[in-house]
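Student:
Protein chains: 2
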Amino acid sequence: MTAMLDLALNAQDGPVPLADISERQGISLSYLEQLFAKLRRGKLVNSVRGPGGGYQLAYEPESIQIVQVIDAVNESVDATRCQGVGDCQGGDECLTHRLWCDLSKQIHDFLSGISLADLVARQEIQKVALRQSQRVANKIQASSVE
Amino acid sequence: MTAMLDLALNAQDGPVPLADISERQGISLSYLEQLFAKLRRGKLVNSVRGPGGGYQLAYEPESIQIVQVIDAVNESVDATRCQGVGDCQGGDECLTHRLWCDLSKQIHDFLSGISLADLVARQEIQKVALRQSQRVANKIQASSVE
DNA sequence: TTTAATCCCGAGTAATTTAATCAGGTTTAA
DNA sequence: TTAAACCTGATTAAATTACTCGGGATTAAA
Ligand code: FES
Ligand code: FES
Chain A
3 MTAMLDLALN AQDGPVPLAD ISERQGISLS YLEQLFAKLR RGKLVNSVRG
53 PGGGYQLAYE PESIQIVQVI DAVNESVDAT RCQGVGDCQG GDECLTHRLW
103 CDLSKQIHDF LSGISLADLV ARQEIQKVAL RQSQRVANKI QASSVE
Chain B
3 MTAMLDLALN AQDGPVPLAD ISERQGISLS YLEQLFAKLR RGKLVNSVRG
53 PGGGYQLAYE PESIQIVQVI DAVNESVDAT RCQGVGDCQG GDECLTHRLW
103 CDLSKQIHDF LSGISLADLV ARQEIQKVAL RQSQRVANKI QASSVE
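Chains as they are written, first to last, in the numbering used here: chain A, 3 to 148; chain B, 3 to 148.
1. Let me know the secondary structure DSSP gives Ser30/A once reduced to three states.
2. Does the beta-carbon of Gly88/B, which I'm using as the reference point, lie nearer than 6 Å to any heavy atom of ligand 2?
3. Mapping DSSP to helix, strand and coil, what is Ser78/B?
4. Can you find the residues in the same chain that come closer than 6 Å, C-beta to C-beta, to Cys84/A, ignoring five residues on each side of it along the sequence?
5. If we ignore side chains and look at the alpha-carbon of each, how far apart do Pro65/B and Leu59/B end up?
6. Cutting at 7 Å between CB atoms, please list the residues of its own chain near Leu37/A, excluding the five before and the five after it.
7. Where does Leu59/A sit, in a helix, a strand or coil, going by DSSP?
8. Rounded to whole angstroms, what's the CA-CA distance from Glu35/B to Ile72/B? Just pull it up for me.
9. Sort Gly86/B, Tyr61/B, Gly88/B, Leu105/B by Cα distance to Pro68/A and report the nearest one.
10. Taking the alpha carbon of Gly21/A as the point to measure from, which residue in Arg42/A, Gly54/A, Gln14/A has its own alpha carbon closest?
11. Arg137/B CB to nearest chain A CB: under 7 Å?
12. Does any heavy atom of ligand 2 sit closer than 6 Å to the C-beta of Arg83/A?
13. For Cys96/B, which residues in chain A fall below 7 Å Cβ to Cβ?
14. Check whether the region 37-49 of chain B touches the region 108-117 of chain B, taking contact to mean three or more Cβ pairs, one atom from each stretch, closer than 8 Å.
15. Is Glu126/A a contact residue of ligand 2, with contact defined as CB to any heavy atom under 6 Å?
16. Taking the Cβ atom as the reference point for each residue, do Leu97/A and Leu7/B lie within a distance shorter than 7 Å?
17. Can Pro17/A and Gly52/A be called in contact, C-beta distance under 7 Å?
18. Does ligand 1 have even one heavy atom less than 6 Å from the beta-carbon of His99/A?
19. Relative to ligand 4, is the shortest distance from any of its heavy atoms to the C-beta of Glu35/B smaller than 6 Å?
20. Do Gly115/A and His99/A have their CB atoms nearer than 7 Å?
21. Which chain B residues sit within Cβ distance under 8 Å of Leu101/A?
22. Helix, strand or coil for Asp120/A? Go by DSSP, reduced to three states.
23. May I ask which residues mark the beginning and end of the alpha helix (DSSP H) holding Ser65/A?
24. Kindly indicate if chain B contains any beta-carbon less than 7 Å away from that of Phe38/A.
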């Protein structure tokens with residue numbers, strides 16, 4: 003999720019390489035590769051190979067819902083123990099099956115109501131993003147002086 | 003959660019022994035003991051020791067919210083990685099901190115709106131509970147005939 | 001007063017999940 | 001030709017969850 007948001011924030015000038023996301027968000031490169039493999043399979047991002055390449059959002063940030071991202075990576079938001087099947091207790095429904103189903107729906111609906119664009123628009127996120135890009139800029143400067 | 007609901011369902015005739023809950027819900031006795039130790043610390047149940055003893059709800063089922071049970075057992079429903087502190091990224095907030103905070107609140111509110119009594123009143127839960135007590139009754143009958 | 005039902009406690013374990021690493025590729029702009 | 005970037009599968013480390021094990025304490029009832 004953090005990685006997708008970073009991608010949306012930094013999409014203005016062409017494809018975003020995973021190495022940059024890794025740097026800004028402190029997520030290991032190999033791990034990002036696994037995540038984006040799933041996101042690509044889920045058709046949420048497009049890849050551009052070769053130098054100058056990277057990833058792009060497959061759609062406008064307005065039409066990407068948070069829940070789609072989670073689904074692509076986790077293969078579903080589900081609070082039940084039975085994956086919705088209803089067979090916790092030797093093939094039968096457990097007492098709380100319905101409760102967890104309702105909760106799952108609640109979470110799903112909440113995350114459906116929020117798009118990547120909504121998050122990008124939030125002020126406090128802008129602030130965090132600025133801090134992150136400045137930190138990276140400082141690091142580059144420091145290493146060129148050494 | 004399942005165990006608390008079982009307790010609420012079978013509270014009509016005195017304290018409910020953990021052995022019965024274990025039998026009906028297919029949860030191991032030792033595990034139940036751990037769970038109820040936490041519930042007792044959370045003041046949601048009272049224990050009665052000795053033969054004929056067991057556990058009782060500390061309050062009316064109407065005034066026990068689902069979220070209280072979860073809190074007592076799990077020590078909080080929290081979707082953030084930082085436990086609400088905001089220090090995912092080397093002491094600073096990560097990009098998605100606010101999102102997970104909002105989600106946590108959403109879940110908390112949902113689970114606050116449901117009491118044990120609400121669950122007990124649901125028809126499909128009555129049905130599951132009936133099936134469970136009959137299965138136990140059959141088992142007892144079968145073993146006395148052997 | 002003995003017994004057995006029941007709660008009480010702490011240490012240890014197995015299975016699962018999550019986040020990550022490692023060691024190799026392949027593609028393609030410069 | 002090179003190097004920047006994506007791609008893939010195998011493996012690992014840490015954390016969590018559900019659970020076991022081996023005791024002990026309390027107390028109603030026989
Ligand atoms: S959660 Fe679905 S049967 Fe238990
Ligand atoms: S979830 Fe709170 S800082 Fe990342």
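Here a beta-carbon is modelled for each residue, glycine too, at the ideal position from N, C-alpha and C.
Tutor: The short version:
1. As a working mapping, residue 30/A is identified with position 28 in the first sequence. Three-state result, Ser30/A: coil.
2. In the second sequence, residue 88/B corresponds to position 86, counting from 1. Yes, the Cβ of Gly88/B comes within 6 Å of a heavy atom of ligand 2.
3. Within the second sequence, the letter at position 76 stands for residue 78/B. Residue state, collapsed to three classes: coil.
4. Indexing the first sequence from 1 puts residue 84/A at position 82. Cβ neighbours of Cys84/A beyond the five flanking positions: Cys90.
5. Start at 1 with the first residue of the second sequence, and residue 65/B comes out as number 63. Start at 1 with the first residue of the second sequence, and residue 59/B comes out as number 57. Looking at the sequence itself, residue 65/B is Ser, so the reference to Pro does not match. Cα to Cα, the separation comes out at about 10 Å.
6. Against the first sequence, residue 37/A aligns to sequence position 35. Taken in chain order, the residues that qualify are Ala5, Val75.
7. The sequence position of residue 59/A within the first sequence is 57, counting from 1. In the structure shown, Leu59/A sits in a strand (DSSP, three-state: E or B).
8. Here the question's residue 35/B lines up with position 33 in the second sequence. Here the question's residue 72/B lines up with position 70 in the second sequence. Distance between the alpha carbons of Glu35/B and Ile72/B is about 16 Å.
9. Residue numbering aside, residue 68/A sits at position 66 when the first sequence is read from its first letter. Just to set this straight, residue 68/A is Ile in the shown sequence, not Pro. The option with the nearest alpha carbon to Ile68/A is Leu105/B.
10. Sequence index remark: in the first sequence, residue 21/A carries index 19 (1-based). Strictly speaking, residue 21/A in this sequence is Ala, with Gly absent from that position. Of Arg42/A, Gly54/A, Gln14/A, the residue nearest in Cα terms is Gly54/A.
11. On the second sequence, position 135 is the one that residue 137/B refers to. Output row for Arg137/B: interface = no.
12. Counting from 1 along the first sequence, the entry for residue 83/A is found at position 81. Arg83/A: no, Cβ never under 6 Å from ligand 2.
13. Reading the second sequence from its first residue, position 94 is the one you call residue 96/B. In chain order: Thr4.
14. no
15. In the first sequence, counting from the first residue as 1, residue 126/A sits at position 124. Relative to ligand 2, the beta carbon of Glu126/A is positioned no closer than 6 Å to any heavy atom.
16. In the first sequence, residue 97/A corresponds to position 95, counting from 1. In the second sequence, residue 7/B corresponds to position 5, counting from 1. Contact check for Leu97/A against Leu7/B passes: the beta carbons are separated by less than 7 Å.
17. What you label residue 17/A is simply residue 15 of the first sequence in a count that begins at 1. What you label residue 52/A is simply residue 50 of the first sequence in a count that begins at 1. No, these two residues do not count as a Cβ contact at 7 Å.
18. Numbered from its first residue, the first sequence carries residue 99/A at position 97. Indeed, a heavy atom of ligand 1 lies less than 6 Å from the Cβ.
19. Although ligand 4 was asked about, the structure shown includes only ligand 1 and ligand 2 as ligands.
20. Within the first sequence, the letter at position 113 stands for residue 115/A. Within the first sequence, the letter at position 97 stands for residue 99/A. Contact: no.
21. Translated into the one-based positions of the first sequence, residue 101/A becomes position 99. The answer, in chain order, is Met3, Ile68, Ile116, Leu121.
22. Sequence index remark: in the first sequence, residue 120/A carries index 118 (1-based). If DSSP states are grouped into helix, strand and coil, Asp120/A belongs with the helices.
23. Counted from its first residue, the first sequence places residue 65/A at position 63. Taken as a continuous stretch (DSSP letters only), Ser65/A belongs to no alpha helix (DSSP H), as it is neither H nor E.
24. Within the first sequence, numbered from 1, the residue matching residue 38/A stands at position 36. Closer than 7 Å: no.
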